[in-house]
Amino acid sequence: MTGNPAKVALGEIRSNELGFSRLAVLAAALDSYLLDIVDVDFSACTWFDANMSAPLGVVFVHALDNLNTLKPCGLRQGVETILAKNHFLTGFGFPERADTHGTTIPYHRFSATDDRYFAAYLNRHLRGKDLPIMSEALSQRFKNSILEIFVNAAMHSESKLGIFACGQYFPQQNRLDFCVADAGLGVRRKIYKELGLKMNSDKAIEWALQEGNTTRKGSVPGGLGLKLIREFIAMNKGRIQIVSDRGYWEFSPQGETLTRMDTSFPGTVIDIEINTADTSSYRLRAESKN
């Protein structure tokens, strides 16, 4: 215990590099505490993208694993509503808020063996979120690809602290965001552990995205499931982000970004943004040939 009043602060969190950087800084601040009661001050947080609850869960679970008690405080009404509707705050003594508009994909912490529960969670909560029209076969493959992200995180992150998922439909912005985050090794350390290859965290993400690059035990985190999703997102004009350690990768209509953050995030995050204003219909290539 520090003996001093324990307090950390968090600013506005959106699904962008700055938002992930702020969560990484929060993780670093919390890492200095052990057996403490820590106030997490949200008073400077004017907005919180609900899907970012998944990486926030990773940050919090590391602090809780150090036997700290976390007390979110100073939440503005709008931010509290967002984080209570998606059930993030209910684990910290806040009352649950009703999702009257059906826009929430609730925050959930899964264990590594929960793939069947995760599949049921996807089927239940992706319904009614204005996804672009897909053939039945493509819709199933798309969900399977998201499930592969979960299975990959479970197998290769070696996280004993869980895998976190959360999403949000923003009807006025015509977007659906869905995020999967793990509290595991990270891409860079997994590559080094399995293959002995040393590289920076941004280059490790780039390596993992190249088809055919695998560790001895299979694809490194970020490698599975993304091929079909990336092809769909390119046509849909959506966005994908991957964060691991200090690495940050983004694929969007504006192009591809690969950079390194100043502070390390303690795990790996894959965030998928679907453009719900897309009126196109999609099917698998094999179906088009029939």
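Residue numbers (this note's numbering): 10 to 299. Just so it is clear, CB atoms sit at the ideal spot from N, CA and C, and this is done for glycine as well. Being a predicted model, the structure only gives us computed values, none of them experimental.
Assign residue i to buried or exposed, taking buried as 16 or more other Cβ atoms, counted over all protein chains shown, within 10 Å of its Cβ.
i, result
"Arg-225", "Low per-residue confidence applies at Arg-225: pLDDT is 48, beneath 50, and the placement is therefore not dependable, though the value from the model is reported in the following sentence. With fewer than 16 Cβ atoms within 10 Å of its Cβ, Arg-225 is classed as exposed."
"Thr-11", "For Thr-11, the predicted model reports a pLDDT of 49, less than 50, meaning its position is unreliable; a value from the coordinates is still stated below. That one is exposed."
"Thr-113", "buried"
"Asp-219", "It is Gln, not Asp, that sits at residue 219 in the sequence shown. Answer is exposed; the Cβ neighbour count stays below 16."
"Arg-197", "buried"
"Cys-175", "buried"
"Ser-154", "buried"
"Asn-3", "What is shown of the chain runs 10 to 299, which leaves residue 3 out entirely."
"Pro-141", "buried"
"Ala-107", "exposed"
"Ser-290", "exposed"
"Asp-45", "buried"
"Ala-38", "buried"
"Leu-233", "With a pLDDT of 44 at Leu-233, under the threshold of 50, the predicted position of this residue should be treated as unreliable, and no value is reported."
"Phe-173", "buried"
"Pro-230", "For Pro-230, the predicted structure reports a pLDDT of 44, less than 50, and the residue's modelled location is therefore unreliable. The matter cannot be settled from this model."
Please name the residue in the options whose C-alpha comes closest to that of residue i.
i, options, result
"Thr-90", "Pro-115, Asp-287, Arg-136, Glu-296", "Pro-115"
"Ala-243", "Met-164, Ile-214, Pro-262, Ser-166", "Pro-262"
"Ala-36", "Pro-275, Ala-295, Ser-290", "Pro-275"
"Gly-20", "Ser-41, Thr-55, Leu-39", "Thr-55"
"Asn-222", "Leu-237, Gly-176, Leu-204, Ile-238", "Leu-204"
"Val-34", "Ala-18, Asp-123, Met-143", "Ala-18"
"Ser-166", "Ala-146, Ala-38, Ile-200, Ala-63", "Ile-200"
"Gly-247", "Ala-72, Ala-15, Ser-24", "Ser-24"
"Glu-265", "Leu-156, Ile-214, Phe-29, Phe-173", "Ile-214"
"Gly-87", "Phe-51, Ser-168, Leu-206", "Phe-51"
"Met-208", "Ser-168, Ser-253, Glu-296, Phe-173", "Ser-253"
"Cys-82", "Met-61, Ala-295, Ala-15, Ser-30", "Ala-15"
Grab me the residues of residue i's own chain with a C-beta within less than 6 Å of its C-beta, minus the 5 sequence neighbours each way, in chain order.
i, result
"Arg-255", "Ser-210, Arg-269, Met-270, Ser-273"
"Phe-127", "Phe-119, Phe-159"
"Ile-279", "Ile-158, Val-189, Ile-251"
"Ala-286", "Asn-183"
"His-134", "Ile-114"
"Tyr-257", "Glu-26, Thr-268, Met-270"
"Ile-281", "Phe-187, Ile-249"
"Ser-168", "Asp-191, Ala-192, Gly-193"
"Leu-206", "Ile-200"
"Asp-139", "Thr-285"
"Met-143", "Tyr-291"
Work out the CA separation of residue j and residue i for me, nearest whole Å.
i, j, result
"Phe-101", "Arg-118", "14 Å"
"Ile-22", "Ile-238", "25 Å"
"Ile-283", "Asp-186", "6 Å"
"Ala-129", "Ala-72", "29 Å"
"Glu-259", "Phe-179", "20 Å"
"Lys-212", "Gly-195", "12 Å"
"Glu-296", "Arg-85", "49 Å"
"Val-67", "Ser-30", "14 Å"
"Asn-161", "Arg-125", "14 Å"
"Asn-245", "Thr-109", "28 Å"
"Asp-74", "Ala-53", "26 Å"
"Gln-181", "Lys-202", "44 Å"
Taking C-beta to C-beta, are residue i and residue j nearer than 9 Å?
i, j, result
"Leu-65", "Leu-27", "no"
"Thr-277", "Gly-171", "no"
"Asn-77", "Leu-98", "no"
"Ala-163", "Thr-122", "yes"
"Gln-177", "Asn-95", "yes"
"Lys-80", "Asp-48", "yes"
"Leu-293", "Ala-59", "no"
"Phe-57", "Phe-151", "no"
Using a Cβ-Cβ cutoff of less than 7 Å, which residues in the same chain neighbour residue i once the five nearest sequence positions on both sides are dropped?
i, result
"Pro-104", "Ala-93"
"Val-70", "Leu-170, Gly-171, Ala-192"
"Trp-216", "Ile-200, Met-208, Asn-222"
"Gly-137", "Gly-111"
Could you tell me whether any Cβ in chain B is nearer than 9 Å to the Cβ of residue i?
i, result
"Val-189", "This model lacks chain B altogether; it includes just one protein chain."
Below 8 Å CB to CB, which residues in the same chain sit around residue i once its five sequence neighbours on both sides are set aside?
i, result
"Leu-235", "Ser-154, Ile-158, Leu-218, Ile-249, Ile-279"
"Asn-156", "Checking the sequence shown, residue 156 turns out to be Leu, not Asn. Answer for Leu-156: Asp-124, Phe-127, Ala-128, Leu-131, Gly-234, listed in chain order."
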